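Read through the structure below, which is laid out as structure tokens, and then see the notes.
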Amino acid sequence: MDPALGPPDAMADKREELTPMMRQYFDLCTRYDNAIVLFQVGDFYESFCDAAERCARVLEITLTSREDSTGEYPMAGIPVDSAASYIEELLEAGYRVAVADQIEEPAETSGVVERAVTRVITPGTLTEDELLASDDNNFVAAIARDGANETESGDTDDPDTLALALLDVSTGDFLATSSTSRETVADEVSRFAPSEAVLGPGASRELVPQGCMVTPYDETTFEYDRAAERVREYFGDPDALLASEAEIRACGALLSYAEYARGGASGPSESESESDTDGDDTDTDADATAAEIDSTRLEYLTHLRRYDPREYLLLDAVALRSLELFEPRTVHGREEATLVGVLDETASALGGRKLRDWLRRPLLEPAEIEARHDAVEELTRAVQTRERLHDQLSGIYDLERLIGRISRERANARDLRSLQNTLALVPDVRDLLADAESDRLQELYDTLDPLADVRELLERSIVEDPPVEITEGGIIAEGYDDDLDRLRETARDGKQWIDDLEDRERERTGIGSLKVGYTSVHGYYIEVTNPNLEAVPENYERRQTLKNSERFVTPELREREDEIVRAEGRADEREYDIFCEVRRQVADEVERVQALAEALATLDALVSLATVAAQYDYCRPEILERGLERQCHDLAIEGGRHPVVERTQESFVPNDARFDEDRRLAVITGPNMSGKSTYMRQVALIVLMAQVGSFVPARSATIAPLDRIFTRVGASDDIAGGRSTFMVEMDELATILREADGRSLVLLDEVGRGTSTADGLAIAQAIAEHLHDEVGATTLFATHHHPLTELADDLERAFTLHFEAGQEEGEVVFHHEIEPGAAEGSYGIEVATAAGVPDDVVERSRELVAVNAATEVDVEVEAEDAAFDDLESSGTVETGAGVGTRAETATADGGDDPTDVAAELRALDLAHLTPVEALTELDRLKRLLEK
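Each residue of the sequence shown is one higher than the last, beginning at 1 in UniProt numbering.
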């Protein structure tokens with residue numbers, strides 16, 4: 001175990017002798033033993049012992065020490081006011097952080113100040129804007145299993161149900177699903193890319209992708225009764241919401257973990273739950289105190305959405321990477337060179353998250369897809385409405401995270417004012433949809449609740465430009481509360497009396513330099529310079545002596561000061577109480593605010609899709625019904641373009657694609673760099689965009705919705721996992737062959753490159769045949785194995801496509817246009833030349849190509865001779881005057897008869913021969929003539 005975590009070893013044997021404050025620290029470290037405890041001491045968060053040494057190294061802060069009767073302990077601290085940046089560094093270093101705040105005012109307690117962990121900060125439970133890396137969802141996941149019988153290897157021997165629960169603590173988004181397929185659950189985890197995961201008994205670590213923190217957690221929270229009760233407390237009957245016992249386990253455990261991260265009494269870590277924390281009953285249970293001070297219930301969690309992965313177009317981790325939906329594949333790829341980068345013209349964080357969710361889960365049902373298309377089409381035509389909506393939506397704050405902070409009682413007055421400013425925009429947004437024709441836009445018009453009562457409450461209660469601090473006054477508007485107004489009036493009257501005091505005293509004493517001032521230490525005073533001390537009246541009482549002057553106070557001034565201080569203090573307390581009450585009233589409307597946020601997010605995403613469609617000449621795709629089996633392969637694209645590549649290039653050549661019941665497998669050949677991979681991805685992205693509800697980059701498109709997209713594109717390895725590039729390729733192919741079906745789209749690029757040519761060609765052909773004969777998926781198969789083009793003759797539903805290239809002045813020129821038939825060659829050496837490979841290497845390559853071509857011919861002829869000799873020796877071929885002599889056989893086959901050779905030459909299909917194949921055939925005919 002990391003020595004920076006858990007109770008410090010240096011204090012373990014001395015707990016009873018520690019000072020009360022240090023004992024608090026020790027006990028909190030014991031309870032939160034999987035996190036670094038930041039312990040508030042005044043204006044700093046301190047850590048001690050090994051944790052202090054680790055913090056000092058990671059955060060590059062000064063390591064000091066603290067001494068008590070039991071010894072001297074290393075100590076390192078960070079300022080409370082700027083803790084966020086330091087906590088972020090600890091998270092990046094792989095640590096969780098438990099923040100222990102002072103929950104009592106030091107001035108109001110006679111003993112040690114009480115402290116409690118108010119929140120546990122982990123990668124998956126971030127709520128602070130300064131720690132959240134983007135506007136995208138930040139999920140924490142829980143994975144549970146039904147009735148698992150775990151083996152020593154961590155696997156289970158039964159195909160039980162696996163359940164996945166996902167929670168974004170910052171927005172309140174809560175999802176659940178399950179499957180008996182391990183691969184399906186792993187794909188869903190990859191689809192949502194959680195930052196952190198909690199695994200129940202029997203759930204394998206392999207379900208979680210690299211880069212996701214796996215947090216050990218109390219396994220008893222996954223027990224059915226305990227989990228069901230937790231779900232019931234939030235959402236009602238769990239059996240009515242969720243489809244399996246595993247889903248209930250996952251959701252209940254995740255709720256417990258979210259409460260634990262808030263600093264509540266629920267959910268100790270696994271190791272802590274098994275430990276014995278000896279201590280007398282009089283010691284402070286800091287965590288119990290936290291539960292008493294602040295409820296752990298997350299009131300803003302109001303909806304739990306259960307979904308079936310089969311309700312959406314499935315995209316596994318490989319497809320997400322290959323199609324570059326959210327992240328560019330190249331190391332130096334531009335961040336915006338992704339599908340979300342070209343489609344995201346949203347005006348708000350709400351809309352951006354919604355669009356990403358749509359891209360993660362494209363639709364399957366034509367009616368739902370068409371409903372989005374109707375809305376996008378209407379917004380595309382209504383230019384002025386679309387632009388005005390975009391302008392209005394740009395003023396919308398992130399309501400989901402805002403209401404989350406309000407419900408967690410972490411919102412300040414500025415947050416409430418931001419909510420009010422957003423609500424003020426809703427009527428104008430709604431008015432712009434008043435004449436909407438599409439069903440989806442009409443639904444949004446009806447759903448956009450302006451929350452007029454909440455808006456009016458905030459307008460009356462909160463000043464227009466409130467301060468950040470909520471305990472120092474100045475946040476509640478005049479006229480909202482009579483008692484507060486009276487206290488403020490008293491304080492103002494007192495200050496006005498003091499403001500007039502200086503003039504009165506100057507006139508009364510004749511001291512022209514007399515001043516009235518204030519300090520936070522000594523309060524109000526009357527200052528007189530040393531030369532005028534003889535004129536000081538008798539009722540002046542000396543308060544402070546300075547080098548050149550004396551400061552005095554009068555009984556009347558002291559009385560006024562006490563009156564002002566009391567009024568201001570009571571006013572600040574009253575303001576804070578009022579603010580908390582207003583915040584609570586707003587929190588009570590959490591479901592209405594969340595419904596409004598959902599509507600605004602959907603509208604923003606639709607406006608974004610319409611903006612992109614209008615700006616980049618996208619067309620509305622025709623969506624076919626899914627029920628017709630003969631149409632499940634229908635895919636017709638005219639003038640299709642890659643949505644990302646066309647934005648990064650000066651020009652782009654559109655291409656068509658057509659698949660149907662009789663055209664399922666396209667074998668695509670062409671030179672390197674001619675555009676095969678781009679073309680395949682382009683087809684997949686157009687299908688995906690259409691099912692998202694977007695218009696597509698094409699002149700026209702007709703699409704039957706697909707259930708899944710598989711990709712095996714590009715080279716990658718997993719050295720850390722002990723897998724070579726070829727092994728990774730085979731693993732991905734195995735998944736495709738196992739899970740693809742007739743409603744899948746499969747992209748295969750250069751299958752079989754990582755092994756010998758013979759093995760690679762054999763594997764590629766076998767895979768193509770299996771996809772054609774057994775799977776029936778719509779398949780695009782790009783290859784440099786030119787013999788595969790012959791599959792079009794052998795397989796009923798296979799056909800060939802190719803990209804042409806030519807040479808101009810010795811340089812290869814790519815046409816980037818897809819054509820029927822097979823390519824003449826791969827132009828690998830020409831591409832190497834264009835890439836800047838040294839001339840001597842290029843020339844040597846040409847020599848070796850010629851040598852290898854000749855060698856292949858010799859091998860083929862030798863093989864023929866050997867075969868004939870074998871036949872002759874076995875008696876199959878008769879010699880002498882019989883029919884079977886080699887000369888006669890050659891002549892009968894058209895071998896050495898010049899007329900027959902000419903006929904063979906005329907019959908050659910040169911367009912479908914590679915240079916090597918042409919040389920081989922030419923050499924064979926030449927040798928036959930020479931015989």
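All residues carry an ideal CB built from backbone N, CA and C; glycine is no exception.
Here the structure is a predicted model, which means the values were calculated and not measured.
In the DSSP assignment, Tyr95 falls outside any alpha helix (DSSP H), carrying neither H nor E. Taking 8 Å as the cut-off, the beta carbon of Asp604 is found closer than this to the beta carbon of Thr346. Under the three-state reduction of DSSP, Gln649 is assigned to coil, being neither helix nor strand. Cβ-Cβ separation between Glu378 and Glu443: approximately 13 Å, too far for a contact (criterion under 8 Å). It is roughly 15 Å from the alpha-carbon of Phe659 to the alpha-carbon of Leu795. The criterion of a C-beta distance shorter than 8 Å is satisfied by Ala203 and Arg145.
Between Asp308 and Ala371 a beta carbon distance of about 20 Å is seen, past the 8 Å cut, so the two are scored as non-contacting.
Less than 8 Å separates the beta-carbon of Val644 from that of Ala337. Rounded to whole angstroms, the Cβ separation of Val97 and Leu38 is 6 Å, and the two are in contact under 8 Å. The alpha-carbon of Ala12 is positioned some 22 Å away from that of Tyr45. Taking a contact as a CB-CB distance under 8 Å, the pair Ala657 and Val696 does not count as one, their CB atoms being some 12 Å apart. Under the three-state reduction of DSSP, Asp662 is assigned to coil, being neither helix nor strand. In the DSSP assignment, Asn548 is bridged to no other residue. The beta carbon of Leu487 is closer than 6 Å to those of Ala567, Arg570 and Ala571 in its chain, skipping five residues each way along the sequence. For Lys14, the secondary structure class from DSSP, reduced to helix, strand or coil, is coil. In this model, Ile61 and Thr19 are separated by some 25 Å (Cα to Cα). Our two residues, Pro106 and Thr471, have alpha carbons roughly 16 Å apart in a direct line. Under the 10 Å beta carbon count, Glu732 is surrounded by 16 or more other beta carbons and is classified as buried. From the listed residues Ser170, Ala142 and Thr171, the smallest Cα separation to Leu162 is found for Ala142.
For the pair His772 and Arg743, the CB atoms are not nearer than the 8 Å cut-off. Within the stretch 491-546, the complete beta strand (DSSP E) segments at least 3 residues long are 515-519, 523-529 and 541-545, listed from N- to C-terminus. Contact between the stretch 304-322 and the stretch 173-190 is present: three or more C-beta pairs spanning the two stretches fall below 8 Å. CA-to-CA, the gap between Gly474 and Arg584 works out to about 19 Å. Secondary-structure assignment with DSSP links Pro79 through a beta bridge to Phe44. Excluding the 5 residues flanking it on each side, Ile736 has same chain C-beta neighbours closer than 7 Å at Phe710, Arg712 and Val746, in chain order. It is roughly 17 Å from the alpha-carbon of Glu559 to the alpha-carbon of Val521. With contacts defined as CB atoms closer than 8 Å, Val553 and Glu534 fail to qualify as a contacting pair.
Counting of Cβ neighbours within 10 angstroms places Tyr300 among the buried residues, the total reaching 16 or more. Distance from Phe192 to Arg360 at the Cβ level is roughly 7 Å; contact confirmed, criterion being Cβ atoms closer than 8 Å.
In this structure, the beta-carbon distance from Leu432 to Arg574 does not fall below 8 Å.
Gly341: member of the alpha helix (DSSP H) spanning Leu339 to Leu343, first to last residue.
Inclusion of Leu929 and Glu921 in the CB contact set at 8 Å is not warranted, their separation being larger than that value.
Leu325 and Leu339 do touch by the CB rule: their CB atoms are close to 5 Å apart, below 8 Å.
Under DSSP, Ser110 forms no beta bridge with any residue.
Boundaries around Ala52 are those of the alpha helix (DSSP H), Cys49 to Leu59, since no beta strand (DSSP E) includes it.
Around the Cβ of Glu400, a 10 Å sphere holds 16 or more other Cβ atoms; the residue is buried.
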